[in-house]
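Down below is the structure, laid out as structure tokens.
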């Protein structure tokens, strides 16, 4: 099982290396995680807005990590569908992503993620994603 | 209008700097573009698969660029919704993204993007995205 | 403003007549509604499952109604994008839809809806939808 | 296999009864179908527009039918995710839905559907949907 921050962090580094660039695990529980991305200039768009690809990457990694707390280690679990709605322009401050599993079966899982700017009072995007879980 | 490869490339560099990391414009027309991403190791997941965030970023930039051929320069046009379906594992070869506008109005636009691995015979993902166009 | 059950019910009957077939408003608040659909045989699929189109219709009407509590009466507000994830097979009992507004601007709005089977302990689908609001 | 119009029509009537209300199969091929819905008043919204739930139902049934030409008869294949973008207001004329399979595996399938108003020159919506295929 992957239920501690060091375990999950090491597993992301090993199995989803690009994921590391979308932040670090700050909290973890049964079926959920909280990730934080310290926003640097490379993630900014004109007007000081964090880019869409950054938010999508953050959501994808955090929901994948939340699933791993239920089924992991399952490194070959891959995203089959992702849908994102952008709600507000993020400020140029740290981004937070709170992801949780909505359903998990033997062959697939679904989760959602709220993305926040600065604190959990300011939501900037909502994401749902489906994952395909290979036979183990 | 942004209807040549140099014009559109310069506009992406200026207005969507993170976009540059998702490839370069290879063809452009009225309402569509073709982008190519030479795949390097940093975009790979275990098993030699290009990551989901890379494909989402590529789709977002290419549909945004296709819209710019219709409405540009409009640097503050931003994504409001994006939906991606992953269809097959990409090979560790160049990725292609062919994007086109489906609808464009005064305040919003919709486009789709096919992502291919190696050549346009091997489709790996399909994306639709909505954009909000600010009053000019 | 459309903030009471009779007002909102009358407005749906007048402005979204097909909506009536997807249930009735049971609760209403500022930016949210709860709808109930007494499930009859016509909504069932093989195995006693409520059909996908029924759940999509229910979600569309309930989020549209939740938006009307914020901006209504706005009869020509129309759906621009809807995304649904089906989580579990509903039982052949009453369906509930709890919808709320996530963001509302002058020209567009976004909401989400949880669909439940029997009671709010059994979630069967999650929906997000975008709406285009005409200039008034 | 379900490769003729009478076979597929009978199978929809038997396995997806609500589907019948969203039109009839007009053409069928390997991995695709064309459906037609003669628009009656019950599907209209204010301003003579066909309702969103009607288009979503039509897309769901037509993509499900296209999948059946590949894997059928598989009556318990169910929708796991559906995403629709509305592009233009339909006219109060017949609706057409052209659906095709994008990917089909042992456990899941993905398809897309274009919805047209009157003729295939006037597109009004685009849909992608994922289906879960039970072990046979």
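Protein chains in written order, with the working numbering: chain F, 1 to 136; chain W, 1001 to 1136; chain Z, 2001 to 2136; chain C, 3001 to 3136.
Glycine included, C-beta positions come from ideal geometry on N, C-alpha and C.
For the stretch 51–80 of chain F, the set of residues with a beta-carbon nearer than 8 Å to any beta-carbon of chain C comprises 80, in chain order. Contact between the stretch 1084–1098 of chain W and the stretch 1119–1133 of chain W is present: three or more C-beta pairs spanning the two stretches fall below 8 Å.
Take residue 1019 of chain W, set aside five residues on each side of it, and the residues of its chain with a beta-carbon closer than 7 Å to its own are 1012, 1061, in chain order. Take the alpha-carbon of residue 1077 of chain W and the one of residue 1002 of chain W: they are about 14 Å apart. Of all alpha-carbon atoms in W/1036, W/1073, W/1053, the one lying nearest the alpha-carbon of residue 1098 of chain W is that of W/1036. No Cβ-Cβ contact shorter than 7 Å links residue 2095 of chain Z with residue 3056 of chain C. Counted as a single uninterrupted DSSP element, the beta strand (DSSP E) harbouring residue 3024 of chain C occupies residues 3024–3029. Residue 2102 of chain Z reaches chain F at 85, 87, 123, 126, counting residues in chain order whose Cβ is nearer than 8 Å. Ranked by Cα distance from residue 90 of chain F, the first of F/132, F/52, F/100 is F/52.
Residue pairing by DSSP places residue 115 of chain F opposite F/97, F/125 in a beta bridge. Runs of alpha helix (DSSP H) with 4 or more residues, each lying fully within the stretch 3044–3079 of chain C, are found at 3052–3071, listed in chain order. Under the DSSP assignment, residue 1037 of chain W falls in the beta strand (DSSP E) whose first and last residues are 1032–1037.
Here residue 3109 of chain C is actually not in contact with residue 3100 of chain C; their C-beta atoms are around 11 Å apart, not less than 8 Å. Per DSSP, the beta-bridge partners of residue 3109 of chain C are C/3104, C/3131. Annotation for residue 3007 of chain C: the continuous alpha helix (DSSP H) segment containing it runs 3005–3015. According to DSSP, residue 3082 of chain C shares a beta bridge with Z/2084, C/3129. In the three-state scheme derived from DSSP, where H, G and I count as helix and E and B as strand, residue 2040 of chain Z is classed as coil.
Shown here, residue 3120 of chain C sits in coil according to DSSP, grouped into three states, outside any helix or strand.
Contact with chain W is found for residue 2107 of chain Z, since one of that chain's Cβ atoms lies less than 7 Å from the residue's Cβ. Setting aside the 5 residues that flank it on each side, residue 1075 of chain W is surrounded in the same chain by 1015, each with a C-beta closer than 7 Å to its C-beta; the list follows chain order.
Residue-level contact check: residue 1112 of chain W does not touch chain F, since none of the beta carbons of chain F fall below 7 Å from its beta carbon. Shown here for residue 3027 of chain C: same chain residues with a beta carbon closer than 8 Å to its own, the five before and five after excluded, namely 3005, 3033, 3034 in chain order.
Here residue 93 of chain F is near residue 118 of chain F, since their CB atoms are less than 7 Å apart. A residue is called buried once 16 or more other Cβ atoms fall within 10 Å of its Cβ, and residue 23 of chain F is buried on that count.
For the C-beta of residue 2027 of chain Z, not a single chain C residue is nearer than 8 Å; the gap to the nearest is close to 22 Å. Between residue 82 of chain F and chain W, the shortest Cβ-Cβ separation is below 7 Å. Rounded to whole angstroms, residue 120 of chain F and residue 2068 of chain Z show a C-alpha spacing of 26 Å. With a cutoff of 7 Å on beta-carbon distance, residue 2079 of chain Z and residue 2131 of chain Z are scored as near each other. Within a 10 Å sphere around the beta-carbon of residue 2065 of chain Z sit 16 or more other beta-carbons, which makes this residue buried. Close to residue 3120 of chain C, with beta-carbon spacing below 7 Å, lies no residue of chain Z; the smallest spacing is near 22 Å.
In terms of Cα proximity to residue 113 of chain F, the closest of F/134, F/135, F/59, F/50 is F/59.
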